[in-house]
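Have a look at the structure below before the remarks.
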Amino acid sequence: MARKQRVWIPEMFYHVVSRGNRREPLFIDDYDFLEMLRILGEVSLKVPYQLGSYCLMNNHFHLLIRSKEQSVSKVMSLVNKKYANYFNTKYKYEGHVFEKRFFSEPVMGRRGILDVSCYIHLNPLNAKMVTSVREYPWSSYPLYLSNTLASPTYFDKTFLLHYFPGTMEEKREQLIEYTEKAKAMR
Numbered sequence: 001m002a003r004k005q006r007v008w009i010p011e012m013f014y015h016v017v018s019r020g021n022r023r024e025p026l027f028i029d030d031y032d033f034l035e036m037l038r039i040l041g042e043v044s045l046k047v048p049y050q051l052g053s054y055c056l057m058n059n060h061f062h063l064l065i066r067s068k069e070q071s072v073s074k075v076m077s078l079v080n081k082k083y084a085n086y087f088n089t090k091y092k093y094e095g096h097v098f099e100k101r102f103f104s105e106p107v108m109g110r111r112g113i114l115d116v117s118c119y120i121h122l123n124p125l126n127a128k129m130v131t132s133v134r135e136y137p138w139s140s141y142p143l144y145l146s147n148t149l150a151s152p153t154y155f156d157k158t159f160l161l162h163y164f165p166g167t168m169e170e171k172r173e174q175l176i177e178y179t180e181k182a183k184a185m186r
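In UniProt numbering, the protein residues as written are 1 to 186.
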């Protein structure tokens, strides 16, 4: 029986989650995290997309993503296939790397985008992997807060900041405040 086709709206952002098979780790060492970031860049050159937020956890990852030219399913198919090939080759595994087809949910409006981004960025804190979201290196949150950290070409580190008024520094402070409020509510 064929799977139900996902709905794709080109201007819509989607919260996407891919999880390791049997909840096993997807990222065993730092090179695995770096390879996923490299693959995200490689895929963005073939199928352009906009990434609003991301967080790579040990056994899953979150993306807030919009693809105007191709479906998000096309983007994720390429990302997950490339990473699965890398992972299976590196660790001499066979079979499924990912638990099942990725989860995706449309995200609507300013509030939805900011709330999902907070959820994504707070993941390492909620999992008790860090004591501050600023410490977690495999998330887009530190990129939003820094003037000096270089961001990947497929990631616009001013994206979330445009939802706040003021100078770039004021926008960063408002993003921190918004995230801290979200943290307090969890």
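Just so you know, even glycine gets a beta-carbon here, dropped at the ideal spot from N, CA and C. All values reported here derive from a predicted model rather than from experimental measurement.
Extent of the continuous alpha helix (DSSP H) to which VAL79 belongs: As a first step, residue 79 must be located in the sequence shown, where it is residue number 79. Where VAL79 is concerned, the enclosing alpha helix (DSSP H) stretches over 72-91.
Assigned secondary structure, ILE28 (DSSP; H/G/I helix, E/B strand, else coil): Walking along the sequence shown from the start, residue 28 turns up at place 28. Coil at ILE28, not helix or strand.
Beta-carbon proximity check, LEU40 vs TYR154, cutoff 9 angstroms: The count along the sequence shown starts at 1 and reaches residue 40 at position 40. The count along the sequence shown starts at 1 and reaches residue 154 at position 154. Cβ atoms of LEU40 and TYR154: closer than 9 angstroms.
Residues bridged to CYS55 [DSSP beta-bridge criterion]: Taking the first residue of the sequence shown as position 1, residue 55 is located at position 55. HIS62, SER139.
Bridge partners - ARG19, DSSP secondary structure assignment: Counting from 1 along the sequence shown, the entry for residue 19 is found at position 19. Per DSSP, HIS60.
For GLU99 and SER18, the rounded distance between their alpha carbons: The residue given as residue 18 occupies position 18 in the sequence shown. The residue given as residue 99 occupies position 99 in the sequence shown. Computed Cα separation, rounded: 8 angstroms.
Residue environment, GLY166, which counts as buried when at least 16 other CB atoms sit within 10 Å: Indexing the sequence shown from 1 puts residue 166 at position 166. By the neighbour-count rule (16 or more Cβ atoms within 10 Å), GLY166 is not buried but exposed.
Inter-residue Cα distance where the pair is GLY109 and VAL43: Counting from 1 along the sequence shown, the entry for residue 109 is found at position 109. Counting from 1 along the sequence shown, the entry for residue 43 is found at position 43. Cα-Cα distance, rounded: 26 angstroms.
Stretch-stretch touch, CB-based, cutoff 8 angstroms, three pairs: the stretch 65-73 with the stretch 119-126: no
CA nearest to the CA of ARG66, picked from PHE103, GLU135, HIS15: Walking along the sequence shown from the start, residue 66 turns up at place 66. The shortest Cα separation from ARG66 among PHE103, GLU135, HIS15 belongs to HIS15.
Top-ranked residue by Cα proximity to LYS128, from ASN58, PHE27, ILE28: The residue you call residue 128 lines up with position 128 of the sequence shown. With distances taken between Cα atoms, LYS128 lies closest to ASN58.
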